[in-house]
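As structure tokens, the structure follows; a few thoughts come after it.
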Amino acid sequence: MPVPEDPAHPKIWRDVPRPTPAPNDLAIVTASDNAPVGQQYRVFRRGLERAHNMHGWLGGTVGGDPHFPFHDPSVFLLHSNVDRLFALWQTARAERLDPAQVYGDEGDSDVDPNIPV
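Just so we're aligned: the sequence shown equals residues 1 to 117 in the working numbering.
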């Protein structure tokens, strides 16, 4: 691993492994279509998270300090693609455009009522 010249602002480097192919867009967006309506978001989210797990594929110094990766343009591209895939999935079915239904059975399950805001 190269030693950065300026420890206050290290450079981004890559050691890109041979990646496992990611699922294509259509496979991600349609994976939940046959699931019950309340389960569709959960199925889609899991597929999206597997496809989003490209952090390891990028290699190098993308990890560590949670703010440093945003110096890397590939992080913006990766997260923009997540947003794009979500929009494709959401607009494929009318009920997914309804804020009360889009997350199905999960609702706002990412919010823990025991953690103060």
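For glycine and all other residues, C-beta sits at the position ideal for the given N, C-alpha and C.
All of these numbers come straight from a predicted model, not from anything done at the bench.
What does the Cβ neighbour count give for residue i, buried or exposed, with the cut at 16 atoms within 10 Å?
{"i": "residue 77", "result": "exposed"}
{"i": "residue 97", "result": "exposed"}
{"i": "residue 29", "result": "buried"}
Along the chain, where does the alpha helix (DSSP H) that runs through residue i open and close?
{"i": "residue 81", "result": "73–91"}
{"i": "residue 94", "result": "First-last for residue 94: undefined, no H or E at that position."}
{"i": "residue 29", "result": "25–30"}
Shortest alpha-carbon distance to residue i belongs to which of the options?
{"i": "residue 85", "options": "36, 35, 101, 45", "result": "45"}
{"i": "residue 27", "options": "87, 82, 71, 47", "result": "47"}
{"i": "residue 107", "options": "22, 39, 31", "result": "39"}
{"i": "residue 99", "options": "72, 73, 22, 41", "result": "41"}
{"i": "residue 33", "options": "105, 92, 103", "result": "92"}
{"i": "residue 104", "options": "35, 70, 74", "result": "35"}
{"i": "residue 50", "options": "94, 82, 74", "result": "82"}
{"i": "residue 43", "options": "89, 94, 75", "result": "89"}
{"i": "residue 87", "options": "73, 74, 75, 102", "result": "102"}
Consider the Cβ of residue i: report whether some Cβ of chain C lies at a distance smaller than 8 Å.
{"i": "residue 38", "result": "This model lacks chain C altogether; it includes just one protein chain."}
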